[in-house]
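*Asks:* Under our numbering, the sequence shown is numbered contiguously, ending at residue 55.
From the three backbone atoms N, C-alpha and C, an ideal C-beta is built for every residue, glycine too.
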Amino acid sequence: MDTSAVATLLESVRIARGQGTRLVLTGLKGQPSHLISFLEFAHLFEVTGQEATP
């Protein structure tokens with residue numbers, strides 16, 4: 002997952018909120034899970050099924 006993927010996710014959540022709907026990230030594992038946690042983006046997304054980060 003690179004910066005373009007992060008930008009796409011951010012734009013997607015912006016559009017979803019603008020339409021009054023939700024964007025749910027589910028089953029994140031490995032690098033994407035760690036990146037969302039590291040960037041402290043969990044508050045921006047509804048995340049389910051995310052593996053625990055140490």
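#1: Between the C-alpha atoms of residue 19 and residue 46, what's the straight-line distance to the nearest angstrom?
#2: Can you pull the DSSP bridge partners for residue 14?
#3: Identify the continuous beta strand (DSSP E) that holds residue 26 and give its terminal residues.
#4: Would you mind sorting residue 26 into buried or exposed? The rule is 16 or more other CB atoms within 10 Å of its CB.
#5: Can you look up residue 49 in the DSSP assignment and give me helix, strand or coil?
*Replies:* Checking against the coordinates, here is how it stands:
#1: Indexing the sequence shown from 1 puts residue 19 at position 18. Indexing the sequence shown from 1 puts residue 46 at position 45. Rounded to whole angstroms, residue 19 to residue 46 spans 14 Å at the Cα level.
#2: For the purposes of this step, residue 14 is identified with residue 13 of the sequence shown, where counting begins at 1. Note: residue 14 sits in no beta bridge, so no partner.
#3: Here the question's residue 26 lines up with position 25 in the sequence shown. Looking at the DSSP string, the run of the beta strand (DSSP E) that includes residue 26 is 25 to 27.
#4: Here residue 26 is taken as the residue at index 25 of the sequence shown, counted from 1. The residue in question, residue 26, is buried, as its Cβ has 16 or more Cβ neighbours within 10 Å.
#5: Taking the first residue of the sequence shown as position 1, residue 49 is located at position 48. Strand.
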